[in-house]
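Asker:
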Amino acid sequence: MSPRPRLLYVTDLAYPARGRRYGDEDIGLTARLRDSFDLALCHPLDAAALMDGFDAVVVRNSGPVLGYQREYEDFRARALARGTRVYNPLHGRGDMAGKQYLLDLTAAGLPVIPTVDRAEDLHRLPEAELYAVKPKAGADSIGLRFVPYEELGALVHGELLVQPRVEFRYEVSFYFVDDLFQYALYAPDPERRWVLEPYEPTADDLAFARRLIDWNTLDHGVQRVDACRAPDGALLLVELEDLNPYLSLDRVPEPVRERFAVALTESIRRFLAA
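Sequential numbering from 10 applies to the sequence shown in the working numbering.
1) Look at the Cβ atom of THR2, then the Cβ atom of LEU50, and state whether they are nearer than 8 Å.
2) Compute the distance between the beta-carbons of PHE155 and HIS229, then report whether it is under 8 Å.
3) Do the CB positions of ALA272 and GLN191 come within less than 8 Å of each other?
4) Where in the stretch 129-193 do unbroken runs of the beta strand (DSSP E), each at least 3 residues long, occur, reported from the N-terminal end onward?
5) To which residues of the same chain is MET10 closer than 8 Å at the C-beta, ignoring the five residues directly before and after it?
6) Our contact map puts GLY103 next to LEU249 with C-beta atoms below 8 Å; I'd like the distance itself, whole angstroms only.
7) Quick one: complete alpha helix (DSSP H) runs, 4+ long, within the stretch 18-55?
8) Where DSSP assigns a beta bridge to TYR96, which residues make up the other side?
9) Is the stretch 230-246 touching the stretch 201-210, taking contact as three or more C-beta pairs under 8 Å?
10) Kindly indicate which three-state DSSP category GLU209 falls into: helix, strand or coil?
11) Taking PRO53 as the reference, which of ALA236, GLY92, GLY72 has the closest Cα?
12) Among LEU16, TYR195, GLU34, which has the Cα closest to the Cα of TYR24?
13) Opposite TYR195 in the DSSP bridges: which residues?
14) Could you pull the start and end residues of the alpha helix (DSSP H) that ARG102 belongs to?
15) Check each candidate in VAL234, SER45, LEU189, GLU138 and name the one with the smallest Cα separation from TYR255.
16) Taking 8 Å as the cut-off, decide whether the C-beta atoms of LEU134 and VAL125 are in contact.
17) Ordered along the chain, which non-local residues of its own chain (more than five positions away) have a Cβ less than 8 Å from that of ILE222?
18) Tell whether a beta-carbon distance below 8 Å holds between ARG238 and TYR158.
19) Between the Cα of ALA58 and the Cα atoms of ALA86, ILE36, TYR31, which residue gives the shortest distance?
20) Give me the Cα-Cα distance between ARG15 and ILE36, rounded to the nearest whole angstrom.
21) Going by other Cβ atoms of all chains shown within 10 Å of its Cβ, with 16 needed for buried, is LEU153 buried or exposed?
22) If we cut at 8 Å on Cβ distances, does PHE177 have a partner in chain D?
23) Note down, in chain order, each residue of its chain lying with its Cβ closer than 8 Å to the Cβ of ARG13, except the 5 sequence neighbours on either side.
24) Which partner residues of ARG233 appear in the DSSP bridge assignment?
25) Leaving out five residues before and five after SER276 in sequence, what residues of the same chain have Cβ atoms less than 7 Å from its Cβ?
26) Can you tell me the Cα-Cα spacing of LEU245 and ASP198, whole angstroms?
27) Is ARG268 helix, strand or coil by DSSP?
28) Closest to ASP213 by CA distance: which of TRP224, ASN225, GLY242 is it?
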């Protein structure tokens with residue numbers, strides 16, 4: 010390893026994300042990481058061809074894998090075969106591995122929106138006016154639709170997930186580096202989910218989020234726990250983002266951004282030394 014570790018930082022700077030500016034966030038983060046690492050940026054489609062020249066590959070705002078599934082699988086296969094260090098590590102159990110975790114968490118009785126993928130299990134879902142149906146391999150609400158219960162039987166065949174539509178009070182996200190909580194943001198208006206504000210979590214809120222982080226068993230990496238506040242006041246998991254979670258760093262004060270950059274730098278250093 011060179012005196013200053015070499016990082017290949019994977020990002021799609023031009024990805025047209027609704028309410029998010031991938032490019033701005035990654036320009037800011039890489040500016041801080043350059044204080045400690047030799048660093049180059051590349052598009053996700055170029056990562057497999059370039060990664061051999063670096064000490065680690067840092068996957069950040071690379072966009073939904075659905076848009077380049079074959080190339081992503083090639084990148085994963087090459088990285089695993091060559092022992093390439095990828096941050097976040099490729100053994101995550103959350104969105105990195107698809108949506109199976111929603112079924113696993115439901116079966117384990119953990120606090121998640123109840124989820125099934127088979128017609129014979131529909132009776133296990135709580136009653137609702139409408140049900141969310143989405144692909145197991147989905148992302149960014151791609152393929153999401155809402156249907157009444159009587160239409161579900163003809164749709165569910167193992168490749169789709171079904172959840173009751175929850176009339177939640179608001180959505181809240183908890184951001185972690187490794188297992189260290191960094192900050193939380195929430196969307197007070199459910200109709201404007203990308204208009205985020207700082208959120209001060211309670212001890213119970215953090216216990217909920219840490220329970221999901223512990224379940225995922227990632228020793229290193231950036232993770233985001235997305236939850237909704239149900240009408241009864243409980244938090245339910247919506248998504249466990251462990252592949253390339255957008256961080257909404259523009260929504261937090263400068264001291265929080267700086268603390269996050271320091272935590273990320275230290276995490277990558279520990280990862281390289283592991």
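Even for Gly, the Cβ is constructed at its ideal location relative to N, Cα and C.
Note that the structure is predicted; figures quoted are calculated from it, not measured.
Answerer: From the atom records:
1) Outside the shown range of the chain (10 to 283) lies residue 2, about which nothing can therefore be said.
2) No; because the gap between Cβ atoms is not below 8 Å, this pair is not in contact.
3) Their beta carbons are under 8 Å apart, which means ALA272 touches GLN191 by this criterion.
4) Fully enclosed beta strand (DSSP E) runs of no fewer than 3 residues occupy 140-144, 154-156, 169-173, 180-186 of the stretch 129-193, in order along the chain.
5) Unreliable positioning characterises MET10 in this predicted model, as indicated by a pLDDT of 48, which lies under 50. The coordinate reading is nonetheless provided below. Excluding positions up to five away in sequence, the list reads ASP64, LEU281.
6) So it is a contact: roughly 3 Å between Cβ atoms.
7) Every unbroken stretch of the alpha helix (DSSP H) spanning 4 or more residues and falling wholly within the stretch 18-55 is given here in chain order: 31-42.
8) Its beta-bridge partners are VAL67.
9) Contact fails: fewer than three Cβ-Cβ distances are below 8 Å.
10) Correct three-state label for GLU209: coil.
11) Considering only alpha carbons, the answer is GLY72.
12) Residue GLU34 is the option with its Cα nearest to TYR24.
13) Paired residue(s): VAL181, GLU206.
14) Where ARG102 is concerned, there is no enclosing alpha helix (DSSP H), given that its DSSP letter is neither H nor E.
15) Per the Cα distances, VAL234.
16) Going by C-beta atoms, LEU134 is nearer than 8 Å to VAL125.
17) Cβ neighbours of ILE222 beyond the five flanking positions: PHE185, ASP188, GLN232, VAL234.
18) Not closer than 8 Å, so no.
19) Taking only the C-alpha atoms, the option nearest ALA58 is ALA86.
20) Each residue's Cα considered, the two are about 17 Å apart.
21) Here LEU153 is exposed, its C-beta having fewer than 16 other C-beta atoms within 10 Å.
22) The structure shown contains no chain D, having only a single protein chain.
23) Same-chain partners within the cutoff: SER45, PHE46, ASP47.
24) Beta-bridge pairing links ARG233 to TYR184, GLU250.
25) Around SER276: VAL186, ASP187, HIS229.
26) In a straight line, the C-alpha of LEU245 is about 17 Å away from that of ASP198.
27) Secondary structure at ARG268: helix, using DSSP grouped into helix, strand and coil.
28) ASP213 has its Cα closest to that of GLY242, out of TRP224, ASN225, GLY242.
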